[in-house]
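A.B. asks:
And the structure:
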């Protein structure tokens, strides 16, 4: 069974700090990796996608992928209280563009 | 574009009742998905569709049925509701590169 593991948290960081979220996956043939943000009571919202080894930056967000180690991470620089949410890691897991989701890491940014 | 819409937002069912959760998208996406999310957990795939007339089971299909008669609509049918089906249900759609866009969700309670 394909698995995606995340640190369950909760993770607390002070405002302005870097938040680091980690994810490992079991399926070596996975090619597509995503980070979704989910505010309490809301639906998941795509914030980053990454397909190649290395770093991908988008504003304050940086996704890092290491396929050899089956590891993907999300860094949030200059964390803001509005970043407080659950972050879901998702990995492609088969045909029809299916995704397997991790259980999420709850992030709290303290003012 | 309205994106992905879901109705109803909330529903309480009695054990043994049936209902249909509606999902529609106006982005002309071929791929559509139904997930459930239990408290503190990630998303579990129930059913998915790669196009009109084509559906397939996901990780947790028992107790559910789907149909896809048009590109836009992907209803999820619950037969003989059970307390274990108490969850939040999300519909999603995708066009390319696995990036899935989620509807606002339906919160279902079975008593």
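Residue numbers (the working numbering), protein chains in the order written: chain A, 1118 to 1228; chain B, 31 to 141. The beta carbon of each residue, even a glycine, is placed where N, CA and C say it ideally should be.
Got a sec, what are the start and stop residues for the beta strand (DSSP E) residue 109/B sits in?
C.D. replies: Taking the first residue of the second chain as 1, we reach residue 109/B at position 79. Note, residue 109/B: premise wrong, no beta strand (DSSP E); not H, not E.
A.B. asks: Could you tell me whether the region 80-93 of chain B touches the region 31-44 of chain B, using the rule of 3 or more Cβ pairs below 8 Å?
C.D. replies: no
A.B. asks: Between 40/B, 103/B, 93/B and 67/B, which lies nearest to residue 111/B when the distance is taken from Cα to Cα?
C.D. replies: Residue 111/B sits at position 81 when you count from the first residue of the second chain. The residue with the shortest Cα to Cα distance from residue 111/B is 93/B.
A.B. asks: Assuming residue 106/B and residue 77/B form a contact by the criterion Cβ under 8 Å, report the distance between their Cβ atoms to the nearest whole angstrom.
C.D. replies: Along the second chain, one-based indexing puts residue 106/B at 76. Along the second chain, one-based indexing puts residue 77/B at 47. That belief holds up - the Cβ atoms of residue 106/B and residue 77/B are roughly 7 Å apart, short of 8 Å.
A.B. asks: Does the Cβ of residue 1175/A lie closer than 7 Å to at least one heavy atom of the ligand COA?
C.D. replies: The ligand COA is not part of the structure shown, which contains no ligands of any sort.
A.B. asks: So residue 62/B packs on residue 104/B, CB below 8 Å; how close in whole Å?
C.D. replies: Within the second chain, residue 62/B is the residue found at index 32, counting from 1. Within the second chain, residue 104/B is the residue found at index 74, counting from 1. Contact holds; Cβ gap of about 4 Å.
A.B. asks: Buried or exposed: where does residue 1185/A fall if 16 or more other Cβ atoms within 10 Å of its Cβ makes it buried?
C.D. replies: If you number the first chain from 1, residue 1185/A lands on position 68. Residue 1185/A is exposed by the Cβ-count criterion.
A.B. asks: Measure the CB-CB distance between residue 117/B and residue 138/B and report whether it falls below 8 Å.
C.D. replies: To locate residue 117/B, count along the second chain from 1; it is residue 87. To locate residue 138/B, count along the second chain from 1; it is residue 108. Against a cut-off of 8 Å, the Cβ pair of residue 138/B and residue 117/B comes out as a contact.
A.B. asks: Tell me where the beta strand (DSSP E) around residue 1171/A begins and ends.
C.D. replies: For the purposes of this step, residue 1171/A is taken as residue 54 along the first chain, with counting starting at 1. Per DSSP, residue 1171/A belongs to the beta strand (DSSP E) from 1171-1175.
A.B. asks: The region 1155-1176 of chain A: which residues have C-beta closer than 7 Å to a C-beta of chain B, in chain order?
C.D. replies: 1160, 1161, 1163 and 1166
A.B. asks: For residue 38/B, which of 129/B, 125/B and 119/B has the nearest alpha-carbon?
C.D. replies: Here residue 38/B refers to the residue found at position 8 when the second chain is read from its first residue. Nearest C-alpha to residue 38/B: 119/B.
A.B. asks: CB-CB under 6 Å to residue 1120/A, same chain, minus the five flanking residues each way: which ones, in chain order?
C.D. replies: In the first chain, residue 1120/A corresponds to position 3, counting from 1. Answer for residue 1120/A: 1143, listed in chain order.
A.B. asks: Give, in chain order, every residue of the region 1196-1228 of chain A whose Cβ lies closer than 7 Å to some Cβ of chain B.
C.D. replies: Listed by position along the chain: 1205, 1209, 1213, 1214, 1215, 1216, 1218, 1219, 1220 and 1221.
A.B. asks: Quick check on DSSP: helix, strand or coil for residue 1131/A?
C.D. replies: In the first chain, residue 1131/A corresponds to position 14, counting from 1. In this structure, residue 1131/A counts as strand in the three-state DSSP scheme.
A.B. asks: Starting from the C-beta of residue 1132/A, find all residues in its chain whose C-beta is less than 7 Å away, skip the five residues before and the five after it, and write them out in chain order.
C.D. replies: Counted from its first residue, the first chain places residue 1132/A at position 15. Excluding residues within five positions, the ones whose Cβ falls inside 7 Å are 1196, 1197, 1198, 1226, 1227 and 1228.
A.B. asks: Can you list, in chain order, the residues of its chain with a C-beta nearer than 6 Å to that of residue 1126/A? Leave out the 5 residues immediately preceding and following it.
C.D. replies: Numbered from its first residue, the first chain carries residue 1126/A at position 9. Cβ within range, chain order: 1222 and 1223.
A.B. asks: For the structure I just gave you, are there three or more beta carbon pairs, one from the region 42-62 of chain B and one from the region 1153-1173 of chain A, closer than 8 Å?
C.D. replies: no
A.B. asks: Just the C-alpha distance for residue 75/B and residue 95/B, rounded to the nearest angstrom, thanks.
C.D. replies: Start at 1 with the first residue of the second chain, and residue 75/B comes out as number 45. Start at 1 with the first residue of the second chain, and residue 95/B comes out as number 65. Between residue 75/B and residue 95/B, the C-alpha separation is close to 13 Å.
A.B. asks: Relative to the C-alpha of residue 125/B, which candidate in 108/B, 113/B, 83/B and 79/B has its C-alpha closest?
C.D. replies: If you number the second chain from 1, residue 125/B lands on position 95. Checked all of 108/B, 113/B, 83/B and 79/B; the closest Cα to residue 125/B is 79/B.
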